[in-house]
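Following: one structure in structure tokens, then a few remarks.
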Amino acid sequence: AQRVTQPEKLLSVFKGAPVELKCNYSYSGSPELFWYVQYSRQRLQLLLRHISRESIKGFTADLNKGETSFHLKKPFAQEEDSAMYYCALKKRSQGNLIFGKGTKLSVKP
Amino acid sequence: EAGVTQFPSHSVIEKGQTVTLRCDPISGHDNLYWYRRVMGKEIKFLLHFVKESKQDESGMPNNRFLAERTGGTYSTLKVQPAELEDSGVYFCASSPRGDRGLNTEAFFGQGTRLTVV
């Protein structure tokens, strides 16, 4: 069965420190991977997707098929990055997303 | 342009009652999805509409849940009768038509928090 694993429930860092939110997936096919973010009192929104290979708000994520990982990274965390981050997978044959449990990122001043 | 809108934002009902959640997708989006997050668990897919047709309802937990999308516009999700384990946040998302949703971003509503007491 397809699964997305985010091992950290909570990640707490200081402002300016590097951040890495881990995401591993299990899927035998070729998936599309996404990171969604939910800021306090806001709706879930797309942060980035692996096919775009872009950096959004300083975040990047590289799909590593060998390790089946799609970790989210940012070299210098900012307080406004504090939010819930969800890694998600979409099978190419379907439209729905399969989510991980989410990681709450807390960036302290 | 308005985003995906969900009504109500909160609902508290007693076990055995009926509740209907509504989702208004972004205008012109053929794809509409329902998801649910129960306490401590991941956000789980419930079903997928393409226009008015149910494309995939493999995530619906049981026959107490009924989803409709009349005319391919807004959608409703009815829970009847509600049970305690139905408590959670119900999300709706919509996306433009694409080849099976490839390369199309899903836009989420703010969610409906359902509490069954």
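Top to bottom, those sequences are chains G and W. End of the first sequence sits at 109 in my numbering; the numbers just go up one at a time, nothing left out. End of the second sequence sits at 1117 in my numbering; the numbers just go up one at a time, nothing left out. Just so you know, even glycine gets a beta-carbon here, dropped at the ideal spot from N, CA and C.
**Request:** Could you tell me which residues DSSP pairs with S1072/W in its beta bridges?
**Result:** Mapped onto the second sequence, residue 1072/W falls at position 72. Position check: residue 1072/W holds Gly in this sequence, whereas Ser was assumed. DSSP lists no partner for G1072/W.
**Message:** I need the boundaries of the beta strand (DSSP E) containing F1007/W, first residue and last residue.
**Reply:** Residue numbering aside, residue 1007/W sits at position 7 when the second sequence is read from its first letter. It spans 1005 to 1007 - the beta strand (DSSP E) in which F1007/W sits, taken as one unbroken run.
**Item:** Proximity winner among G100/G, A77/G, S55/G, L89/G, relative to F14/G (alpha-carbon distances)
**Value:** Reading the first sequence from its first residue, position 14 is the one you call residue 14/G. It is A77/G.
**Prompt:** Closest by CA to Y1035/W, which one among E1052/W, H1029/W, P1061/W, G1028/W?
**Reply:** Against the second sequence, residue 1035/W aligns to sequence position 35. Measuring from the Cα of Y1035/W, the nearest candidate turns out to be P1061/W.
**Request:** Kindly give me the distance between the Cβ atoms of A1067/W and S1058/W, rounded to whole angstroms, as I take these residues to be in contact under 8 Å.
**Result:** On the second sequence, residue 1067/W is found 67 positions in, with the first residue counted as 1. On the second sequence, residue 1058/W is found 58 positions in, with the first residue counted as 1. Not a contact, Cβ separation roughly 12 Å.
**Item:** Proximal residues of chain G, C-beta to C-beta of F1007/W below 8 Å
**Value:** Residue numbering aside, residue 1007/W sits at position 7 when the second sequence is read from its first letter. Near F1007/W there are no residues of chain G at all, since even the closest Cβ is about 14 Å away, more than 8 Å.
**Request:** Could you tell me which chain G residues have their CB closer than 8 Å to the CB of G1109/W, listed as they occur along the chain?
**Result:** Locating residue 1109/W in the second sequence gives position 109, where the first residue counts as 1. Here the neighbours are R43.
**Request:** Give the residues of chain A in contact with Y39/G, contact being defined as C-beta atoms less than 8 Å apart.
**Result:** In the structure shown, chain A does not exist; the protein chains are G and W.
**Request:** State the start and end residues of the unbroken beta strand (DSSP E) segment that holds N1031/W.
**Result:** Reading the second sequence from its first residue, position 31 is the one you call residue 1031/W. Counting along the chain, the beta strand (DSSP E) containing N1031/W begins and ends at 1031 to 1037.
**Prompt:** Between the C-alpha atoms of E20/G and Q1080/W, what's the straight-line distance to the nearest angstrom?
**Reply:** By 1-based counting over the first sequence, the position of residue 20/G is 20. By 1-based counting over the second sequence, the position of residue 1080/W is 80. Between E20/G and Q1080/W, the C-alpha separation is close to 43 Å.
**Request:** Would you list the residues sitting across from M1060/W in a DSSP beta bridge?
**Result:** Stepping through the second sequence from its first residue, residue 1060/W is reached at position 60. DSSP, once it has assigned bridges, lists no residue as partnering M1060/W.
**Request:** Starting from Q1017/W, follow the beta strand (DSSP E) in both directions and report where the run begins and ends.
**Result:** Taking the first residue of the second sequence as position 1, residue 1017/W is located at position 17. Counting along the chain, Q1017/W falls outside any beta strand (DSSP E), and DSSP gives it neither H nor E.
**Request:** Tell me, please, whether the CB atom of A1106/W is closer than 8 Å to any CB atom in chain G?
**Result:** Counted from its first residue, the second sequence places residue 1106/W at position 106. So yes, A1106/W belongs to the interface.
**Asked** How do the segment 25 to 41 of chain G and the segment 1012 to 1025 of chain W stand: do at least 3 beta-carbon pairs fall below 8 Å, yes or no?
**Response** no
**Prompt:** Using the rule of at least 16 other Cβ atoms within 10 Å of the residue's Cβ for burial, across every protein chain shown, is I98/G buried or exposed?
**Reply:** For the purposes of this step, residue 98/G is taken as the residue at position 98 of the first sequence. It is buried - the Cβ of I98/G has at least 16 other Cβ atoms within 10 Å.
**Within-8 Å CB hit, I1043/W to chain G** = Here residue 1043/W refers to the residue found at position 43 of the second sequence. Judged by the 8 Å Cβ criterion, I1043/W is in contact with chain G.
**Message:** Going by DSSP in three states, D1024/W sits in which element: helix, strand or coil?
**Reply:** To locate residue 1024/W, count along the second sequence from 1; it is residue 24. Reduced to three states, the DSSP call for D1024/W is strand.
**Asked** Just curious, the beta strand (DSSP E) that A1093/W is in, first and last residue?
**Response** Reading the second sequence from its first residue, position 93 is the one you call residue 1093/W. From DSSP, the beta strand (DSSP E) with A1093/W extends over 1088 to 1095.
**Asked** So, helix, strand or coil for E1052/W, using DSSP?
**Response** Along the second sequence, read from residue 1 onward, the residue named residue 1052/W stands at position 52. Looking at E1052/W - three-state DSSP - the assignment turns out to be coil, as it is neither helix nor strand.
**Prompt:** Do F1045/W and R1069/W have their C-beta atoms within less than 8 Å of each other?
**Reply:** By 1-based counting over the second sequence, the position of residue 1045/W is 45. By 1-based counting over the second sequence, the position of residue 1069/W is 69. Cβ distance not < 8 Å, so F1045/W and R1069/W don't count as in contact.
**Request:** Could you check which residue in G102/G, A61/G, Q94/G has the C-alpha nearest to that of K1054/W?
**Result:** Stepping through the second sequence from its first residue, residue 1054/W is reached at position 54. K1054/W has its Cα closest to that of Q94/G, out of G102/G, A61/G, Q94/G.
**Prompt:** Under 8 Å Cβ-Cβ, which residues of chain G neighbour F1091/W?
**Reply:** Along the second sequence, one-based indexing puts residue 1091/W at 91. Within 8 Å Cβ-Cβ: L44.
**Request:** Return the first residue and the last residue of the beta strand (DSSP E) that A83/G is part of.
**Result:** Taking the first sequence and counting its residues from 1, one reaches residue 83/G at position 83. Counting along the chain, the beta strand (DSSP E) containing A83/G begins and ends at 83 to 90.
**Request:** State the start and end residues of the unbroken beta strand (DSSP E) segment that holds F59/G.
**Result:** To locate residue 59/G, count along the first sequence from 1; it is residue 59. Counting along the chain, F59/G falls outside any beta strand (DSSP E), and DSSP gives it neither H nor E.
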